[in-house]
Amino acid sequence: MKAIYHILLVILTLPLLFSCTDNDFSALSALTDREKTIEVNGKKYPEGLFSFTGYWSKTVHHGTLTVSVDQNDRYEDTYETCYYSFHFDSPECPKEGDNLAKMNLKLEVDLSEEYDCSYESGDLIVKSTFNKKKGQMKIQLKNLKMSNKKKTEEYLFNGTVTVPFDYYIDAYYY
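This is the structure in C-alpha cells:
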C-alpha cells in the first residue's frame, strides 16, 4: 500500500519539477550571474571563488573589506584571482546604510604591503550585515573611483558583493 502512495506522489510531482520553461531558467540564470559579478574599469568579472575575511577593530577604529575577482587568463582556459582590499577608518563597526567611501578609504591591489590608491569619487555602501555566525556583509560599489597620486593607476568599481566580515573588539590589525 505504501508503494502505491509513493508512486502516486512521484507521478503528481513530476510535472511540477519539469514545468519551468527556458525563459524561467534564463531569467534565474541572469539574476544569479548579475549578483555574482563585479565591474572593474568597465568590464564585468565573476566574483572570486576565494575570499579573505574583512574585519573592523574597535581598538584601532580601522577596518578592511577584500573583494576577490576572477579574471580570465588570456593564455589558458583558467581564471586568475585578483584581490582588491578596501581599508577604512570608522569610530564604530559599519552598519547598514554606511558609506565607507567617506571614511578615509584606501585601496590595496593584490595584497601588496602598501596602499596603492586613494578615494576620488563614488560610493561604497553597506547594504546589509547578516549571518552573525559566519559574519558576512553585503556591499554595493557605485561608480567608486580610486587612483594613485600620479593617476597612472585608476580603478572604477560597480556591483554588489558579499564579503566575509568579522568584528574584533581588542584585536590589533592595521
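Counting from 124, one number per residue, gives the positions in the sequence shown under this note's numbering.
The beta carbon of each residue, even a glycine, is placed where N, CA and C say it ideally should be.
Annotation for N266: the continuous beta strand (DSSP E) segment containing it runs 259-270. Boundaries of the beta strand (DSSP E) around T252: 240-253. DSSP places E162 in the uninterrupted beta strand (DSSP E) bounded by 160-163. If you draw a straight line from the Cα of K265 to the Cα of E170, it comes to about 16 Å. Beta bridge pairing from DSSP links E203 with Q194. Within its own chain, the residues whose Cβ lies closer than 6 Å to the Cβ of S270, once the five positions on either side in sequence are excluded, are C240, E243, E277, listed in chain order. Per DSSP, reduced to three states, the secondary structure at K225 is helical. One thing to note: K268 has its Cβ no nearer than 8 Å to the Cβ of V249. Residues N164, K268 of the same chain have their beta carbon placed closer than 6 Å to that of L279, with the five preceding and five following residues left out of the count. Residue range 166-169 is occupied by the beta strand (DSSP E) that includes K166. Residues of the same chain with a CB within less than 6 Å of the CB of G258, apart from the 5 flanking positions on each side, are F288, D289 in chain order. Assignment of S213 by DSSP, reduced to helix, strand and coil, places it in the coil class. Spatial neighbours of D233 in its own chain (CB-CB distance under 7 Å, excluding positions within 5 residues in sequence) are listed in chain order as C205, Y206. Using a 10 angstroms sphere on the CB of G177, the tally of other CB atoms reaches 16 or more, which defines it as buried. Contact check for H210 against K229 passes: the beta carbons are separated by less than 8 Å. Scanning N222, K167, Q194 for the CA closest to the CA of L188 turns up N222. Judged by their CB atoms, G245 and T160 are not nearer to each other than the 8 Å cut-off.
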